[in-house]
Amino acid sequence: MATQDSPRSQIIPVSEIAWQEVQPGVRMKQLWLDEKTNRRAMLGRIEAGAQLPEHKHVGDELVFVLEGAIADEFGTVATGNMGYRPNGCVHTVACLGGATVLAVITGSVEPAAARGDAPASQVFKLSDIEWKNALPGVRQKPIWEDTAQKRRALLARFEPGATLPPHRHVGDELIFLLEGSNADEAGEVATGNMNYRPNGCAHTVTTKNGATVLAFVWGSTEPV
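Structure, rendered in structure tokens:
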């Protein structure tokens, strides 16, 4: 249960946010922004044959492919998998058949003319990662982690009726509902929508019929 003075989570209704064309064949929805830390979450739709020109990541990016596939010089990220672009990565992004992606970005990008010895992007195939029991009725796949800055990305699966007991977020969390729905004191988060749990948010999470969620976490949680 949320405490009286703790911030509530925020439900982000993705379908209500307008698409913005950023270049021919590429549209974006900005889902969440933290200007102080230069972090943001974007939904992108890339048309078949579209390409992002060579660019350099000033900061890093995690990108999950919801539909289709995207590719760069280092590999292909297909539906249901995640790519990581580390700080300094230089690459182009191509999309032969079209794709819809969810990206969580720290920092920015800038044009690049040469790759040199820039770090490579990485591909995480979620089918290669084992499920781990987290709590009764809840399993997780740890996808990526930055231990130095206490950041991580994971996939979580909730069985029908599963509940996360009351806890407080020490740091932020973004979740995206891939399947099913879950709820807390702020309301229900349905498939295709996002939920932001700000630092200090204290809540209980429940699911009636089950859910699969993609989570991006900064920090940790503690019991309430």
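Using numbering that gives the first Met the number 0, you'd call the opening residue of the sequence shown number 0 and step up by one each time.
Where is the CB? At the ideal position from N, CA and C, for every residue including glycine.
Quick caveat: nothing in here was measured; it's all calculated off a predicted structure.
- Counting the other Cβ atoms within 10 Å of the Cβ of residue 125 gives fewer than 16, which makes it exposed.
- Each residue's CA atom was taken as its position, placing residue 96 and residue 48 some 7 Å apart.
- It is roughly 26 Å from the alpha-carbon of residue 166 to the alpha-carbon of residue 102.
- Under the three-state reduction of DSSP output, residue 127 falls in the helix class.
- Listed in chain order, the non-local C-beta contacts of residue 156 below 6 Å within the same chain comprise 138, 211, local neighbours out to five positions each way being set aside.
- If you check the CB distance, residue 57 and residue 71 do not come in under 8 Å.
- Distances from the alpha-carbon of residue 189 to those of 180, 162, 16, 33 put 180 closest.
- Cβ-Cβ distances below 6 Å link residue 100 to 43, 62, 64 in the same chain, with the five nearest sequence neighbours on each side left out; the list follows chain order.
- Of all alpha-carbon atoms in 105, 76, 146, the one lying nearest the alpha-carbon of residue 123 is that of 76.
- Residue 129 and residue 140 have their alpha carbons spaced roughly 6 Å apart.
- Excluding its 5 nearest sequence neighbours in each direction, residue 89 has C-beta neighbours in its own chain below 6 Å: 55, 111, 114, 117, listed in chain order.
- Our two residues, residue 136 and residue 94, have alpha carbons roughly 37 Å apart in a direct line.
- Taking C-beta atoms under 8 Å as the contact rule, residue 5 and residue 199 qualify, at a distance of about 5 Å.
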